[in-house]
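J.: Protein chains in written order, with the working numbering: chain A, 3 to 219; chain B, 3 to 219. My questions will all concern the structure given below.
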Ligand SMILES: [Ca+2]
Ligand SMILES: [Ca+2]
């Protein structure tokens, strides 16, 4: 289970740096000999080829991959890649970058699980800085590494869970899971935010908790 | 107190749509006659001119603005605008978009409070989808409008606050403020996440809370 990064350009190279920092496995596909030579020098797993071709995806072991990032230069190439990859591996988690945010739907239809538009992300970030500055602070509080390291955990209540049928207080969730439960996602898709201590836990509930890892501060 | 949006292109137009949705006041500056004609038809406050010039900023009432968004086409134009605007109004909250993420420092030095790089935002979003999927879920839970509307509140403890000197439990924060306190930012910059009920509140503390507005679900 590795990630395949297709296209080592401005976006792809940044994604790779984050994956390296997180210690995750990945293989890069790029069609530039120069790019591949530099990656090989650095000892990074890579495939020289056209990522829209099945043979390149096979060389990157798409069969055992759990995610694929489509960051080729153009939207048509990324769409073609998305179709090829989802055809080869229907369950694959494909994350596609689009240059034109209007083409998001096309990518969804082609099998992309997530579609990221840098233009839309950037504009949204700017808008939130104006409309919801406190929200931005929270998100930074939660995601920024420097100030406070928080971890989000999702704890699904499976059949064998001893918490089922108990209230949050009875289940002593904070002590058992070591986290602050901020929401419960129910099986029907509803989410209960800040559930009270008397909330009764059901099979299929997913507890959404946040905690601060011990070796951070 | 309005926002000034400089440049109504791909980014600027998206920012404006969000400000409209939030019901906030803004004035757009753009140098295209065509763009201005269309905005005027829609009854949107705008100034035709070069946003890097003091006269355009004055026409957009920079004196009474509380924020300015720099989304002109090129980084040099946005940098020039940032310098001009921060010279005219030293305290103004300037949010600049950069095309080249490497130039962030230049913008900081020029007086931009926040610098947003769409390429870096997009890449960061993709990386988080792979490295911290649960974190992305939390952020979406907190920011997405559809599934659950949460509001973040920051409650600074000022001299007159009756909470100072009390513990969180004694202050009955949840009842008083109607929110779930997830963190306390202290005056010295430290942030205490998930503070316990016996945490004693001090002058200058900022309580970071989240709550769900009553008329949403
Ligand atoms: Ca790229
Ligand atoms: Ca723009």
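C-beta atoms are modelled at their ideal positions from N, C-alpha and C, and glycine is treated no differently. These numbers were taken from a predicted model, which means no experiment stands behind them.
Mind pulling the chain B residues with CB within less than 9 Å of residue 62 (chain A)?
T.: The premise fails here: residue 62 (chain A) is roughly 15 Å from chain B at the closest Cβ pair, so nothing lies under 9 Å.
J.: Using the DSSP secondary-structure output, state which residues sit across from residue 211 (chain B) in a beta bridge.
T.: B:155 and B:183
J.: Could you check whether the Cβ of residue 131 (chain A) sits closer than 7 Å to any Cβ belonging to chain B?
T.: yes
J.: Identify, in the order they occur along the chain, each residue of the same chain with its Cβ nearer than 6 Å to the Cβ of residue 175 (chain B), setting aside the five sequence neighbours on each side.
T.: The residues are 183.
J.: Does the beta carbon of residue 169 (chain A) come closer than 7 Å to any beta carbon on chain B?
T.: no
J.: So the candidates are A:205, A:45 and A:102; which of them puts its Cα closest to the Cα of residue 162 (chain A)?
T.: A:205
J.: For the 8 Å Cβ check, are there 3 or more pairs between the stretch 102–119 of chain A and the stretch 47–59 of chain A?
T.: no
J.: Looking only at DSSP bridge pairs, what is residue 70 (chain B) linked to?
T.: B:6 and B:96
J.: In chain order, what residues of the same chain have a beta carbon less than 6 Å from the beta carbon of residue 187 (chain A), not counting five sequence neighbours either side?
T.: 193 and 208
J.: Using CA atoms only, rank isn't needed, just tell me which of A:36, A:59, A:177 and A:121 is closest to residue 255 (chain A).
T.: No answer is possible for residue 255 (chain A): it lies beyond the span of chain A, which begins at 3 and ends at 219.
J.: Return the Cβ separation of residue 68 (chain A) and residue 95 (chain A) in integer angstroms, given the expectation that the two are a contact with Cβ distance under 8 Å.
T.: 6 Å
J.: Tell me whether the stretch 80–87 of chain A and the stretch 77–88 of chain B touch, counting them as touching only if at least three CB pairs, one residue from each stretch, are closer than 8 Å.
T.: No, they do not touch.
J.: Return the CA-CA distance between residue 57 (chain B) and residue 31 (chain B), expressed in angstroms with no decimal places.
T.: 11 Å
J.: For residue 231 (chain B), go through chain A and note every residue whose CB falls closer than 7 Å to its CB, in chain order.
T.: Nothing can be reported for residue 231 (chain B): it is not among the residues displayed for chain B, which extend from 3 to 219.
J.: For residue 5 (chain A), I'd like the list of residues in its chain whose CB is within less than 6 Å of its CB, leaving aside the five on either flank, ordered along the chain.
T.: 28 and 69
J.: Mark residue 178 (chain A) as exposed unless 16 or more other C-beta atoms lie within 10 angstroms of its C-beta, in which case mark it buried.
T.: Residue environment for residue 178 (chain A): exposed (fewer than 16 other C-beta atoms within 10 angstroms of its C-beta).
J.: If residue 120 (chain A) and residue 88 (chain B) are in contact, beta carbons under 8 Å, what's the gap, nearest whole angstrom?
T.: Actually they are not in contact, since the Cβ atoms of residue 120 (chain A) and residue 88 (chain B) sit about 26 Å apart, beyond 8 Å.
J.: Going along the chain, which unbroken runs of the beta strand (DSSP E) with 3 or more residues stay wholly within the stretch 19–84 of chain A?
T.: The stretch 19–84 of chain A contains, as complete beta strand (DSSP E) runs of 3+ residues, the segments 28–32, 48–50 and 69–72 (chain order).
J.: From the DSSP output, in three-state form, read off residue 106 (chain A) for me.
T.: helix
J.: Might you give, ordered along the chain, the residues of its own chain that have their beta carbon closer than 7 Å to the beta carbon of residue 103 (chain B), omitting 5 neighbours on each side?
T.: 119, 121 and 122
J.: Ignore the nearest five residues each way along the sequence and tell me which others in residue 200 (chain B)'s own chain have a CB closer than 8 Å to its CB.
T.: 169, 170 and 171
J.: Suppose you measure from the CA of residue 130 (chain B) to the CA of residue 26 (chain B); what does that come to, to the nearest Å?
T.: 31 Å
J.: Give the straight-line distance between the Cα atoms of residue 114 (chain A) and residue 73 (chain A), rounded to the nearest whole angstrom.
T.: 12 Å
J.: Below 7 Å between beta carbons is the criterion; list the residues of the stretch 85–117 of chain B that meet it against any residue of chain A, in chain order.
T.: 97, 99 and 116
J.: Could you please give me the residues that DSSP links to residue 169 (chain A) through a beta bridge?
T.: Within the DSSP secondary-structure output, residue 169 (chain A) pairs in a beta bridge with A:202.
J.: Excluding the five sequence neighbours on either side, which residues of its own chain have a C-beta within less than 6 Å of the C-beta of residue 10 (chain A), listed in chain order?
T.: 30, 32 and 37
J.: Using alpha carbons as the reference points, say which of A:76, A:35, A:93 and A:20 lies closest to residue 66 (chain A).
T.: A:93
J.: Identify whether residue 125 (chain B) lies in helix, strand or coil by the three-state DSSP scheme.
T.: helix
J.: What in chain A is Cβ-close to residue 20 (chain B), meaning under 9 Å?
T.: 125, 126, 128, 129, 130, 132 and 133
J.: Report the rounded CA-to-CA distance for residue 2 (chain A) versus residue 198 (chain B), giving the unit in angstroms.
T.: Past the edges of chain A, shown from 3 to 219, lies residue 2 (chain A), and the structure says nothing about it.
J.: Could you check where the beta strand (DSSP E) with residue 193 (chain B) kicks off and where it finishes?
T.: Its beta strand (DSSP E) spans residues 193–195.
J.: Determine which residues share a DSSP beta bridge with residue 116 (chain A) and list them.
T.: Residue 116 (chain A) has A:97 as its beta-bridge partners, per DSSP.
J.: At a CB-CB cut-off below 7 Å, which residues of chain B make contact with residue 69 (chain A)?
T.: 132
J.: Would you report the Cα separation of residue 97 (chain A) and residue 125 (chain B), rounded to the nearest angstrom?
T.: 11 Å
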